[in-house]
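Participant: Chains as they are written, first to last, in this note's numbering: chain A, 1 to 104; chain B, 1 to 118. First, the structure itself, so that you have it in front of you.
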């Protein structure tokens with residue numbers, strides 16, 4: 001089971017945003033992050049905890065290990081308002097419930 | 001261009017069956033694991049099923065075990081999801097997605113809507 005926090009947050013352009021994902025058991029480094037905008041298909045941002053997918057801006061970063069992981073957006077941009085999901089891929093696949101990032 | 005295109009979504013009555021298909025192009029299909037992921041209206045992503053490169057391994061979320069079957073045809077570059085005994089909780093947009101080789105889904109189709117209702 002993957003648990004994200006917070007479920008939603010309000011932030012302003014330029015803010016530093018951190019989203020946390022916790023797994024009920026170790027997933028080693030098989031932890032990915034996705035971004036989904038309304039009406040759009042999920043987009044892979046980060047794979048293997050901290051590896052930025054090609055084309056993803058460097059303001060996105062990931063960290064953590066074992067059971068606790070973090071997605072950080074260093075300076076929130078207007079196009080970053082979306083829902084973010086973590087996903088473990090150590091044992092099949094499980095998604096977190098999502099974190100909605102809204103405009104403050 | 002890497003592309004996945006789902007089809008087969010429809011309105012189906014409770015207890016009914018439906019078969020979804022996902023057509024792949026633009027990459028060597030037989031090299032990749034493929035997942036089905038669904039998203040109920042207004043809800044989050046739920047992984048449903050996964051199949052390995054040659055189709056010899058299949059995995060399912062507990063809620064669909066015994067009802068859904070994932071399969072693939074590496075000649076036709078397609079993956080299918082046979083869904084039986086459908087219930088209201090199965091109403092969702094179903095996406096197929098490619099594992100890009102790093103145990104992460106790097107390419108997604110646009111999805112196909114399955115509605116289970118009487």
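Quick reminder that beta carbons are idealized off the backbone N, C-alpha and C, glycines included. Keep in mind that this is a model prediction, so the values were computed, not measured.
Residues in the same chain with beta-carbon distance under 6 angstroms from residue 100(A), minus the five sequence neighbours each way, listed in chain order, please.
Facilitator: One-based indexing of the first chain puts residue 100(A) at position 100. Excluding positions up to five away in sequence, the list reads 8 and 83.
Participant: Looking at C-beta atoms only, is the number of pairs between the segment 27–36 of chain B and the segment 39–56 of chain A that lie closer than 8 angstroms three or more?
Facilitator: Output reads no: the segment 39–56 of chain A does not touch the segment 27–36 of chain B.
Participant: Does the beta carbon of residue 92(A) come closer than 7 angstroms to any beta carbon on chain B?
Facilitator: Stepping through the first chain from its first residue, residue 92(A) is reached at position 92. Answer yes: the Cβ-Cβ gap between residue 92(A) and chain B drops below 7 angstroms somewhere.
Participant: With distances taken between CB atoms, is the gap from residue 95(A) to residue 45(B) smaller than 7 angstroms?
Facilitator: Residue mapping note: residue 95(A) aligns to position 95 of the first chain, counting from 1. Residue mapping note: residue 45(B) aligns to position 45 of the second chain, counting from 1. A contact, by the Cβ cut-off of 7 angstroms.
Participant: Quick one: measure Cβ to Cβ for residue 88(B) and residue 41(B), integer angstroms, because I've assumed they're closer than 8 angstroms.
Facilitator: To locate residue 88(B), count along the second chain from 1; it is residue 88. To locate residue 41(B), count along the second chain from 1; it is residue 41. No, residue 88(B) and residue 41(B) are not in contact; Cβ-Cβ is about 11 angstroms, not under 8 angstroms.
Participant: Should the segment 15–25 of chain B be called in touch with the segment 50–61 of chain A, which here means at least 3 C-beta pairs below 8 angstroms?
Facilitator: In short, these stretches do not touch, since the Cβ pair count stays below three.
Participant: What does residue 44(A) touch in chain B if you count any residue whose Cβ is under 7 angstroms from its own?
Facilitator: Position 44 of the first chain, counting from 1, holds the residue named residue 44(A). Simply 104, 105 and 106.
Participant: Grab me the residues of residue 77(B)'s own chain with a C-beta within less than 7 angstroms of its C-beta, minus the 5 sequence neighbours each way, in chain order.
Facilitator: Position 77 of the second chain holds residue 77(B). If we look at residue 77(B) and ignore the five residues flanking it on each side, its Cβ neighbours are 23, 24, 25 and 29.
Participant: Counting only Cβ-Cβ distances shorter than 7 angstroms, please list the residues of the segment 18–48 of chain A near chain B, keeping chain order.
Facilitator: Within the segment 18–48 of chain A, the residues whose Cβ lies closer than 7 angstroms to some Cβ of chain B are 30, 32, 41, 42, 44, 47 and 48, listed in chain order.
Participant: If distances are taken between C-alpha atoms only, which option among 81(A), 97(A) and 92(A) comes closest to residue 102(B)?
Facilitator: Here residue 102(B) refers to the residue found at position 102 when the second chain is read from its first residue. For residue 102(B), the nearest C-alpha among the options comes from 92(A).
Participant: Which residue wins for smallest C-alpha separation from residue 108(B), given the options 9(B), 35(B) and 12(B)?
Facilitator: Residue mapping note: residue 108(B) aligns to position 108 of the second chain, counting from 1. With distances taken between Cα atoms, residue 108(B) lies closest to 35(B).
Participant: Tell me, to the nearest whole angstrom, how far the beta carbon of residue 52(A) is from that of residue 86(A); I am working on the premise that it is less than 8 angstroms.
Facilitator: Locating residue 52(A) in the first chain gives position 52, where the first residue counts as 1. Locating residue 86(A) in the first chain gives position 86, where the first residue counts as 1. The pair is not a contact, with the Cβ atoms about 15 angstroms apart (cut-off 8 angstroms).
Participant: What's the gap between the Cα of residue 21(B) and the Cα of residue 6(B)?
Facilitator: If you number the second chain from 1, residue 21(B) lands on position 21. If you number the second chain from 1, residue 6(B) lands on position 6. Roughly 6 angstroms separates the two Cα atoms.
Participant: Would you say residue 98(A) lies against chain B (beta-carbon separation less than 7 angstroms)?
Facilitator: As a working mapping, residue 98(A) is identified with position 98 in the first chain. Residue 98(A) counts as touching chain B.
Participant: So for residue 88(B), helix, strand or coil by DSSP?
Facilitator: Position 88 of the second chain holds residue 88(B). Note: residue 88(B) maps to helix in three-state DSSP.
Participant: Identify, in the order they occur along the chain, each residue of the same chain with its Cβ nearer than 8 angstroms to the Cβ of residue 105(B), setting aside the five sequence neighbours on each side.
Facilitator: One-based indexing of the second chain puts residue 105(B) at position 105. So the qualifying residues of the chain are 35, 37, 97, 98 and 99.
Participant: Locate the beta strand (DSSP E) running through residue 33(A), then write down its first and last residues.
Facilitator: Taking the first residue of the first chain as 1, we reach residue 33(A) at position 33. Per DSSP, residue 33(A) belongs to the beta strand (DSSP E) from 31–36.
Participant: Going along the chain, which residues of the segment 17–35 of chain B sit with their C-beta nearer than 8 angstroms to a C-beta in chain A?
Facilitator: Residues 35.
Participant: Residue 62(A) to residue 74(A), Cα distance in whole Å?
Facilitator: Position 62 of the first chain, counted from the first residue, corresponds to residue 62(A). Position 74 of the first chain, counted from the first residue, corresponds to residue 74(A). Cα to Cα, the separation comes out at about 11 angstroms.
Participant: Spatial neighbours of residue 8(B) within its chain, please: CB distance less than 7 angstroms, with the 5 preceding and 5 following residues excluded, ordered by chain position.
Facilitator: Reading the second chain from its first residue, position 8 is the one you call residue 8(B). Same-chain partners within the cutoff: 18, 19, 20, 21 and 112.
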